[in-house]
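Comments concern the structure below.
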Amino acid sequence: MMASCPRSWSPFRRHFDMRSRVLILSCCRQQYSTRTMSISTARLCKPPPRNTMRLSRVWAPLATLLGLSSVVRGLAVPAPQIRSLSINRPKPGLEPPEFAFAFDIDGVLLHEKKALPGAAQTLQYLHDHSIPFIFLTNSGGKHEHERVKELSEKLGVNFTVDNFVQSHTPFKALVHGEHGLENKTVLVTGADASKCRDIAEEYGFRNVITPGDILVAHPEAWPFDALLDTVYKDVARPLPKPLWAPGQPLEDSLKIDAIMVMHDPRDWAWEIQLFTDLLQSHDGILGTYSDRNGDPDLPNHGWQQDGQPKVYFSNSDLYWVTDFPLRRFGQGAFQHAFAGVWERITGGEHELERELYGKPYGVTYQYAEDMLRKFRLDMLTNMGHDELGDLKRVYMVGDNPDSDIAGANNHVSKYGTKWSSILVGTGVWNEQRDGMRKLIGDREPTAIQANVLEAVRWGLDNEGWKHHL
Ligand SMILES: [Mg+2]
Numbered sequence: 008m009m010a011s012c013p014r015s016w017s018p019f020r021r022h023f024d025m026r027s028r029v030l031i032l033s034c035c036r037q038q039y040s041t042r043t044m045s046i047s048t049a050r051l052c053k054p055p056p057r058n059t060m061r062l063s064r065v066w067a068p069l070a071t072l073l074g075l076s077s078v079v080r081g082l083a084v085p086a087p088q089i090r091s092l093s094i095n096r097p098k099p100g101l102e103p104p105e106f107a108f109a110f111d112i113d114g115v116l117l118h119e120k121k122a123l124p125g126a127a128q129t130l131q132y133l134h135d136h137s138i139p140f141i142f143l144t145n146s147g148g149k150h151e152h153e154r155v156k157e158l159s160e161k162l163g164v165n166f167t168v169d170n171f172v173q174s175h176t177p178f179k180a181l182v183h184g185e186h187g188l189e190n191k192t193v194l195v196t197g198a199d200a201s202k203c204r205d206i207a208e209e210y211g212f213r214n215v216i217t218p219g220d221i222l223v224a225h226p227e228a229w230p231f232d233a234l235l236d237t238v239y240k241d242v243a244r245p246l247p248k249p250l251w252a253p254g255q256p257l258e259d260s261l262k263i264d265a266i267m268v269m270h271d272p273r274d275w276a277w278e279i280q281l282f283t284d285l286l287q288s289h290d291g292i293l294g295t296y297s298d299r300n301g302d303p304d305l306p307n308h309g310w311q312q313d314g315q316p317k318v319y320f321s322n323s324d325l326y327w328v329t330d331f332p333l334r335r336f337g338q339g340a341f342q343h344a345f346a347g348v349w350e351r352i353t354g355g356e357h358e359l360e361r362e363l364y365g366k367p368y369g370v371t372y373q374y375a376e377d378m379l380r381k382f383r384l385d386m387l388t389n390m391g392h393d394e395l396g397d398l399k400r401v402y403m404v405g406d407n408p409d410s411d412i413a414g415a416n417n418h419v420s421k422y423g424t425k426w427s428s429i430l431v432g433t434g435v436w437n438e439q440r441d442g443m444r445k446l447i448g449d450r451e452p453t454a455i456q457a458n459v460l461e462a463v464r465w466g467l468d469n470e471g472w473k474h475h476l
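Counted the way our numbering counts, the sequence shown spans residues 8 to 476.
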């Protein structure tokens, strides 16, 4: 039987344990009921994790203690004073953990750029107990240093870039290696393409140009100058080589080796025009046209079969959220628009070939896991732990079933590390609006918890961790 629970008094909360297949509907005042979905186990008898009332009781004195002006019942907590994470020393009898956490940021740690209750407390606890974690966000358009500084200020805890992955961070792996782009010419774009250039250069790419560079050098390429005078002329750089023209040697002409969409583009029409020009070119030389395009005797009818640049998208989110009442187009919307035009160009013969990064894609999860393993190794060995067990489990805490949860569920670690997914109700997914019906297939989380603090408690309980948060 379900316990009654006035929502104004204490929020309704669900704890969904996929392993025991038991849906626990928990309410306040330690009243809770259970409904067995399939085979019940001993977990049925386990009380639900600490409820929101306890969070309020814990958070209020903690927030006061930390000098924060708390808003216990609301979502937002004003920016606190920043505390540094001191260097830990191994605690007697504390074995190095064989698990770690990965956190999405928006909707998990922050809401509308303000800290969510319990977020700082949770991260401080993990640090104090030497439990490794990593930030894994689809944000972009700023350098990691800048993003980490903002996060530190909002949560009141100092972080570093050593465990911070945003959407385009894995592009760093494209700099070196057998097919490294370090000395190739890379075209980058984003909301502020000039800033994206700076980021790419910090990553190690040496020859970075923007669509604005090309437009300023060749205004005839897109003769609609709305942004030419107001934006591009102020930040454009000279092109390293001139555009190809009839009679000009190809080797003396501008050649683009890769296109990187690092953030949400602004000038869609010009950029779709430019990108489709390059994907129809010979060998990425702007101004040429490949004679392989549309050849039915070639693979993919010859499209993207003549040395054209690869296209990298740093995330595929269709929407993002602002204060406007409706969701706004994100980089994913640009990608669909570009792909739609490409389909028309090719007569539907050839789908746009592209490289997809960010959540939920495996390349990003593996990059994050690699970084997490290094972060864990450095942290625990610096503390004096000589022998580390392998990293066996990572708990991904996110608010978006389509990206955070699906990505963790689908990730197959090259090291055999298992990823679990914990969905929280403080962001994109809303139980009242979205319900449980869409949480199926790869969007079905391992567990659902009210917020990040409860999510970490669930993970710690699952590990049998004796030091309670
Ligand atoms: Mg999120």
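Virtual Cβ for every residue (Gly too), placed ideally from N, Cα, C.
Since the structure is predicted, the reported quantities are computational estimates derived from the model, not experimental observations.
When the Cβ atoms of the region 209–218 are set against those of the region 285–296, are three or more pairs found closer than 8 Å? no
Considering Cα atoms alone, identify which of Gly347, Gln373, Ala340, Ala122 is closest to Gly434. Ala122
Can at least three beta-carbon pairs, one atom from the region 253–273 and one from the region 314–333, be found at a separation below 8 Å? yes
In angstroms with no decimal places, state the Cα-to-Cα distance between Val193 and Val223. 17 Å
Flag Gly434 as yes when its Cβ comes closer than 7 Å to any non-hydrogen atom of ligand 1, and as no otherwise. yes
Taking the CB atoms as reference points, tell me whether Leu460 and Glu105 lie closer together than 8 Å. no
Going by alpha carbons, who is nearest to Ile141 out of Val404, Phe345, Asp468, Arg450? Val404
For Thr196, three-class secondary structure by DSSP: strand
Indicate, with yes or no, if ligand 1 has a heavy atom lying under 7 Å from the CB of Gly254. no
Cutoff 6 Å; reference Ala462; Cβ partners in own chain excluding five residues on either side: Val404, Ile429, Val431, Gln456
For Lys473, name the three-state secondary structure that DSSP assigns. coil
Is it buried or exposed for Pro408, if we count other Cβ within 10 angstroms and need 16 for buried? buried
Hey, is Asn322 close to ligand 1, as in C-beta under 7 Å from one of its heavy atoms? no
Rank Phe178, Ile138, Ser410 by C-alpha distance to the C-alpha of Lys473 and give the top, closest one. Ile138
Could you check which residue in Ala346, Pro103, His136 has the C-alpha nearest to that of Leu476? His136
Determine which residues share a DSSP beta bridge with Met378 and list them. BP columns for Met378 are empty, so no partner.
Give the range of the alpha helix (DSSP H) segment to which Gln131 is assigned. 126–135
With which residues is Phe500 paired in a DSSP beta bridge? Residue coverage of the chain in this structure runs from 8 to 476, which leaves residue 500 outside it and unanswerable.
With DSSP run on the structure shown, which of helix, strand or coil describes Ile447? coil
Given Val348, which residues of its chain have a CB within under 7 Å of its CB, disregarding the five upstream and five downstream residues? Ile279, Thr283
Is the distance from the Cβ of Leu250 to the Cβ of Gly294 below 8 Å? yes
Nearest CA to the CA of Gln128: which residue from Asp406, Lys161, Leu188? Lys161
Sort out for me which residues DSSP pairs Thr295 with in a bridge. Leu293
Keeping to the same chain, check which residues put their C-beta closer than 6 Å to that of Gly254; ignore five residues upstream and five downstream. none
Could you pull out every unbroken beta strand (DSSP E) segment of at least 3 residues lying fully inside the region 248–287, listed in chain order? 265–268
Have a look at the DSSP bridge pairing and note the partners of Tyr402. Phe108, Ser427
Assuming Leu305 and Asp274 are in contact, meaning their beta carbons sit under 8 Å apart, how far apart are those beta carbons, in whole angstroms? Rounded, the Cβ-Cβ distance is 33 Å, inconsistent with contact.
So Arg383 and Ala107 are supposed to be a Cβ contact under 8 Å. How far apart are they, rounded? 6 Å
I want to check one thing, is the minimum distance from the CB of Asp135 to the heavy atoms of ligand 1 below 7 Å? no
Do the region 171–186 and the region 364–375 make contact, defined as three or more Cβ pairs closer than 8 Å? yes
Just to check my reading of the structure: Pro367 and Ser410 have Cβ atoms closer than 8 Å, yes? What is that Cβ distance to the nearest angstrom? 5 Å
Reducing DSSP to helix, strand and coil, say where Asn458 ends up. coil
Does DSSP put Arg335 in a helix, a strand or coil? strand
Please work out which residues of its chain come closer than 6 Å, Cβ to Cβ, to Glu470, disregarding the five sequence neighbours upstream and downstream, and give them in chain order. Phe106
Please report the distance separating the alpha-carbon of Arg213 from that of Asn190. 6 Å
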